[in-house]
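Participant: Quick one: this structure, given as structure tokens, is what I'll be asking you about.
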Amino acid sequence: MEKLTKREVAILRLITQGYGNIQISKSIFVSTHTVKAHISSIIRKLNAKNRTNAVYIAIKNHLLDE
Numbered sequence: 001m002e003k004l005t006k007r008e009v010a011i012l013r014l015i016t017q018g019y020g021n022i023q024i025s026k027s028i029f030v031s032t033h034t035v036k037a038h039i040s041s042i043i044r045k046l047n048a049k050n051r052t053n054a055v056y057i058a059i060k061n062h063l064l065d066e
């Protein structure tokens with residue numbers, strides 16, 4: 001499992017709070033395209049099946065504890 005960037009961890013935290021891509025893009029001031037790219041990177045790095053699975057893996061491995 002690759003290490004997530006600070007931005008990717010921040011996006012994962014927003015996903016756990018129920019934010020959608022548009023809400024995430026507005027809250028961190030980037031385009032939805034950039035958000036989608038970050039989420040794709042998160043899924044790849046965690047070997048997840050989808051964003052929900054990525055959140056599960058992150059919680060299970062204490063990646064959001066900081």
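In case it helps, our numbering puts the sequence shown at residues 1 to 66.
Don't be surprised by glycine CBs; every beta carbon is placed ideally from N, CA and C.
It should be emphasised that the depicted structure is a prediction, and the values quoted were computed from it without experimental measurement.
#1: Within its chain, find whatever has a CB closer than 8 Å to the CB of residue 11; leave out the 5 residues flanking it on each side and keep chain order.
#2: Closer than 8 Å by C-beta to residue 19: which residues in its own chain qualify, once you throw out the five before and the five after it? Chain order, please.
#3: If you draw a straight line from the C-alpha of residue 63 to the C-alpha of residue 30, how long is it?
#4: For the alpha helix (DSSP H) containing residue 37, list its first residue and its last residue.
Facilitator: So, from the listed chains and residues:
#1: Within the sequence shown, the letter at position 11 stands for residue 11. Result list for residue 11: 24, 28, 35, 38, 39 and 42, in chain order.
#2: Along the sequence shown, read from residue 1 onward, the residue named residue 19 stands at position 19. So the list reads 27, once near-sequence residues are dropped.
#3: For the purposes of this step, residue 63 is identified with residue 63 of the sequence shown, where counting begins at 1. For the purposes of this step, residue 30 is identified with residue 30 of the sequence shown, where counting begins at 1. Each residue's alpha carbon lies about 23 Å from the other.
#4: Position 37 of the sequence shown holds residue 37. Start and end: 32-46.
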